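Everything below concerns the one structure shown next.
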Amino acid sequence: MQSSERQTRMRFCSGLSASAETSRAAEMVSEHCGHTLGGQADVAFVFFTAHHCEFASVIAQTVQKRLNPGVLIGVSAGAVIGDGTELEGAPGVSLLCAKLPGARATGFSVLDFPIPEDTDEGRAALAKAAGYGADQRCTILLADPFSTPLIRLLPAMNAARPEGVASGIFGGLASAASQPNGNVLILNDRVLTSGGVGVTLGGDFRVDSLVSQGCRPFGPNLVVTKAQRNIIFELGGRPALEAVSEAVGSLTDEQREGLKGGLFIGRVISEYKDRFGRDDFLIRSVTGVDHNRGAIAVGELMHVGQTIRLHMRDARTAHEDLALLLDAQRLYETPRGVLLFTCNARGRRLFDQPNHDAGMISRAFLPGPPGESRAKPGAEIDPSAGPVVPLAGFFASSEIGPLAGRSYVHGNTACAAIFRETGNASE
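Quick note: the sequence shown, position 154, residue 791 per the working numbering, numbers continuous.
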């Protein structure tokens, strides 16, 4: 359990409990954070595994009693994260809370949102419901994947931002259940089993973003020449399945082992670039094939003229990408707190070792030299090296994070919202 320095104007605290008893776990993390902060929190985020879903109201009540946060949001997950630890396959409750003097926190439920309309009036209504304003720094959105139409909601939330405000949307989709009504969301004293909850934060602080890919590209860039909804019929004027088979056939036997984790496409975010790097693709699953029509189905609405490239999950690429992004973050002041939303296909499923993403991030912000030498996964964090930045989060069924000025739903990524004092964050 960690806290940022008491003398700083902006204060964060995190707590993690592996107790299987909900009341005890909630009490442990709440008592620690309440003692460290010395009173009321302006905002609190709580993440809990399926073991605690039945008693989610106990978690909400305990956090509110101990910390009386201005806004509390929470979500159920397959696994939770606290500081340098990823609790996979075990009960867990993780809490991150903050005092943000002079800031504002506006909580919301997407069930209360107006129907998104692509009009000035519709965007203004959505902006008001989400607490948007000229001073906003970020929006955190936690949603149930079975009942939240993010394919419409997220673009509408992007469009509703005030002009000139580059505030990002971060978050993830609940992952504790594989069927409707099995996930749980918390908004203050409300416990929901559908929809989404969130908070928009505004004030005199900065939020940096980190979106790290977990897939490696292969084969050539391919242009969609025939598509309908999420079905790609042609790539480069050829049957899509033929083009995909050719790219897969060019792999060595060893390289094809990576396809055991599934086949993905990367859809280019901006077609105006001459060259595309890792961060230029949105990763989507290939969900099916139609051999008769030579078509492939993907987890995204596709349009003629879009550029795609095939991808596969790859632990080495994921590690290198995260290390590179953390080296860039090390150029700036140490964060006061971090929210981490990582894909439930990462963790030990991808890296075959515990605490990869959380450990790398925690270790990267310790005092000392930057780089992979300080971000080796699986090792214990040396407390003598200095205070660990308070961090909490969860393993999501999909992640939400900003790229190229807009926020998207991602797959196989690690997305982090990094909170810093004004003037210490990157542009």
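Glycine included, each C-beta is placed from N, C-alpha and C at the ideal position.
Source: prediction; values computed, not measured.
Item                                                                                                                          : Value
Opposing strand residues paired with H1047 [DSSP bridges]                                                                     : E1036
Complete runs of the alpha helix (DSSP H) confined to the region 734-812 [at least 4 residues]                                : 757-767 and 787-796
Contact the region 1045-1060 vs the region 966-981: 3+ CB pairs below 8 angstroms                                             : yes
Distance, M949 Cα to G936 Cα                                                                                                  : 15 angstroms
Exposed unless 16 or more other CB atoms sit within 10 angstroms - verdict on R928                                            : According to the sequence shown, residue 928 is His rather than Arg. H928 should be labelled exposed.
Nearest-angstrom Cα separation, counted from N867 out to P876                                                                 : 15 angstroms
Residues sharing a beta bridge with L859, DSSP                                                                                : I945
Alpha helix (DSSP H) segment containing R967, residue limits                                                                  : That residue, R967, is in no alpha helix (DSSP H); it is neither H nor E in DSSP.
Which of helix, strand or coil DSSP assigns to S1010                                                                          : With a pLDDT of 47 at S1010, under the threshold of 50, the modelled position of that residue is not reliable, and the figure given next carries that caveat. Looking at S1010 - three-state DSSP - the assignment turns out to be helix.
P799 versus H672 - alpha carbon distance                                                                                      : 37 angstroms
Length of the line joining the Cα atoms of I777 and F807                                                                      : 5 angstroms
Backbone secondary structure at Q850 - three-state DSSP                                                                       : coil
Residues of its chain near F855, where Cβ-Cβ distance is below 6 angstroms and the 5 sequence neighbours each way are ignored : L947
Which of helix, strand or coil DSSP assigns to E883                                                                           : helix
Check: L674 C-beta below 8 angstroms from any heavy atom of the ligand FMN                                                    : Among the components modelled here there is no ligand, and therefore nothing to report on the ligand FMN.
Validate contact between the region 657-675 and the region 707-717 using beta carbons, cut 8 angstroms, 3 pairs               : no
For A1053: DSSP bridge partner residues                                                                                       : L847 and L977
Classification of V834 by the beta-carbon crowding that lies within 10 angstroms, buried from 16 upward                       : buried
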